[in-house]
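Enquirer:
Below is the structure:
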């Protein structure tokens, strides 16, 4: 039981951290997709949604090639003394990448629903673009943004394929989804069932909250 | 801000722009405190205001307030909207729905130099409304809040798009004196869009008649 609690706590903590990590780039991309037209708009839209339809294991493999020792970023990070692969950091990265599309979609819809008029008038009142964003666009899009953050968080909680590729199933990096898999594989059905109940409860709550935000 | 307001510099509106099948062209250099843009709907009045505010980019030409150039296609000058100091009260007012009256009015005051917040509040008699939300305001109250918000940012030029059109006759006659006060007590020059002759007669000292994107007439009266 202790292990169930610690795995559930670790997973929820990592998912929360992943949500915090995905928010700045996610909001930036959502705003750009909602408000700007530029060459590459469709490409960016597709790229950011890719983890939704790509097999998660494939996304994981992409992350391995980027973050691995011989990867583009991996070598750089290693020289900076930052170990990523098979640590909690890899868990956060995998969760953030997998949750990002859901955050972006919902936040983008939120920004699109904001009447441009408010942003334009804020500018005529002397507000530079960053101030317009934080005082007008973001507060008026808050429902979509919050719903997106909750969806991204839920996705991060349940992430399996990408996580197992970059973080494995080590005791220190084991998430609920990975634990369910290993328990089942090793015949610990009771422990797997408890994990299942915990993950269903958290996901149910997050999804319920997200739906209430977008429905109201 | 007491006494006679200093005469403002001339406003240069010499530009052209096109959107879809509609073309707008103006070649005006106007010296007046209140300029009325008069004409039927679809004449290009709102488009003209949005070009001056920096919300639309003309294809060619020059927009200047006094000696300050806001736009000059030839010289590659296009001052961004938030640096133009052009106050704009659109027809739909666009009061920020997530802020109360005070925060709406202070929104631009924080960014503008000095800021005549207290003066504007007194001028438009908004004191009792400051802590109200904007959703519960009447049409006339909303109009005054939008005017105050634009004025509190100390604009160099104030653009008003049909400020009385949405109000019934009784309310109109109550808002008009506020507009006259703004004209007489603040040094801010105004461009006032309207298709109501009575308002134009009451407020403007210069009238530009627009139709189909062209200036038909420009003079001291209608």
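Protein chains in written order, with the working numbering: chain L, 1 to 216; chain G, 217 to 438.
Glycine included, each C-beta is placed from N, C-alpha and C at the ideal position.
Only a predicted model underlies this, so the values are computations on that prediction, with no experimental measurement involved.
Can you find a CB in chain L that lies within less than 8 Å of the CB of residue 231 of chain G?
Expert: With 8 Å as the cut-off, residue 231 of chain G does not count as an interface residue toward chain L.
Enquirer: Hey, is the stretch 280–290 of chain G in contact with the stretch 83–102 of chain L, meaning 3+ C-beta pairs nearer than 8 Å?
Expert: Counting Cβ pairs under 8 Å, fewer than three are found: no touch.
Enquirer: Could you please give me the residues that DSSP links to residue 228 of chain G through a beta bridge?
Expert: Partner(s): G:245 and G:280.
Enquirer: Tell me, please, whether the CB atom of residue 304 of chain G is closer than 8 Å to any CB atom in chain L?
Expert: Yes, its Cβ sits closer than 8 Å to a Cβ of chain L.
Enquirer: Hey, how far is the Cα of residue 379 of chain G from the Cα of residue 433 of chain G?
Expert: Computed Cα separation, rounded: 22 Å.
Enquirer: In chain order, what residues of the same chain lie with their CB nearer than 7 Å to the CB of residue 362 of chain G, ignoring the 5 residues before and after it?
Expert: Hits under 7 Å: 305, 309 and 311.
Enquirer: Which residues of the stretch 127–143 of chain L have a Cβ closer than 7 Å to any Cβ of chain G? Give them in chain order.
Expert: Per Cβ criterion, the list reads 127, 128, 136, 139 and 140.
Enquirer: If you draw a straight line from the C-alpha of residue 337 of chain G to the C-alpha of residue 376 of chain G, how long is it?
Expert: Between residue 337 of chain G and residue 376 of chain G, the C-alpha separation is close to 18 Å.
Enquirer: For residue 356 of chain G and residue 342 of chain G, I'd like the C-alpha separation in whole angstroms.
Expert: Cα to Cα, residue 356 of chain G sits roughly 11 Å from residue 342 of chain G.
Enquirer: Looking at the strands, I want to know which residues DSSP matches up with residue 294 of chain G.
Expert: Partner(s): G:287.
Enquirer: Compare the C-alpha of residue 103 of chain L against each of L:142, L:123, L:67 and L:150 and name the closest.
Expert: For residue 103 of chain L, the nearest C-alpha among the options comes from L:150.
Enquirer: So residue 321 of chain G and residue 365 of chain G are in contact, right, with Cβ under 8 Å, and what is the actual spacing, rounded?
Expert: At roughly 5 Å, the Cβ-Cβ gap stays under 8 Å, so residue 321 of chain G and residue 365 of chain G are in contact.
Enquirer: Run through chain L and tell me which residues come within less than 7 Å of residue 271 of chain G, C-beta to C-beta.
Expert: Within chain L, the residues near residue 271 of chain G are 120.
Enquirer: Looking at residue 298 of chain G and residue 128 of chain L, is the spacing between their C-beta atoms short of 8 Å?
Expert: Against a cut-off of 8 Å, the Cβ pair of residue 298 of chain G and residue 128 of chain L comes out as a contact.
Enquirer: Among the candidates G:431, G:437 and G:438, whose CA atom is the shortest distance from the CA of residue 258 of chain G?
Expert: Ranking G:431, G:437 and G:438 by Cα distance to residue 258 of chain G puts G:431 first.
Enquirer: Judging by CA-CA distance, which residue of G:353, G:408, G:436 and G:226 is the nearest neighbour of residue 374 of chain G?
Expert: For the residues G:353, G:408, G:436 and G:226, the minimum Cα distance to residue 374 of chain G belongs to G:408.
Enquirer: Can you name the residues of chain L whose CB is closer than 9 Å to the CB of residue 312 of chain G?
Expert: The answer, in chain order, is 118, 121, 122, 135, 136, 139 and 140.
Enquirer: Within 8 Å (strictly less), CB to CB, does residue 125 of chain L reach chain G?
Expert: It does; some Cβ of chain G falls within 8 Å.
Enquirer: Between which two residues does the beta strand (DSSP E) holding residue 85 of chain L run?
Expert: Looking at the DSSP string, residue 85 of chain L is not in any beta strand (DSSP E), and its letter there is neither H nor E.
Enquirer: If you check the beta carbons only, do residue 317 of chain G and residue 345 of chain G fall under 8 Å apart?
Expert: For residue 317 of chain G and residue 345 of chain G, yes; Cβs fall inside 8 Å.
Enquirer: Under DSSP, the beta strand (DSSP E) around residue 22 of chain L begins and ends at which residues?
Expert: No beta strand (DSSP E) contains residue 22 of chain L, which is instead part of the alpha helix (DSSP H) from 2–35.
Enquirer: Using the Cα positions of residue 137 of chain L and residue 114 of chain L, report the straight-line distance between them to the nearest angstrom.
Expert: About 7 Å.
Enquirer: List the residues of chain L whose Cβ lies closer than 7 Å to the Cβ of residue 298 of chain G, in chain order.
Expert: Residues of chain L passing the Cβ test: 123, 126, 127 and 128.
Enquirer: Would residue 273 of chain G pass as a contact of residue 234 of chain G if the rule is Cβ separation under 8 Å?
Expert: Not a contact, by the Cβ cut-off of 8 Å.
Enquirer: Using a Cβ-Cβ cut-off of 8 Å, state whether residue 377 of chain G counts as contacting chain C.
Expert: Absence of chain C from the displayed structure is noted, the protein chains being L and G.
Enquirer: When you check each C-beta in the stretch 391–406 of chain G against every C-beta of chain L, which residues fall closer than 8 Å?
Expert: Flagged: no residues at all.
Enquirer: Considering only residues of the stretch 293–371 of chain G, which uninterrupted alpha helix (DSSP H) runs meet the minimum length of 4 residues and lie entirely inside it, listed in chain order?
Expert: Those alpha helix (DSSP H) runs which fall completely within the stretch 293–371 of chain G and span 4+ residues are 317–325, 333–339 and 355–368.
Enquirer: Does residue 435 of chain G come out as helix, strand or coil in the three-state DSSP assignment?
Expert: Three-state DSSP puts residue 435 of chain G in a strand.
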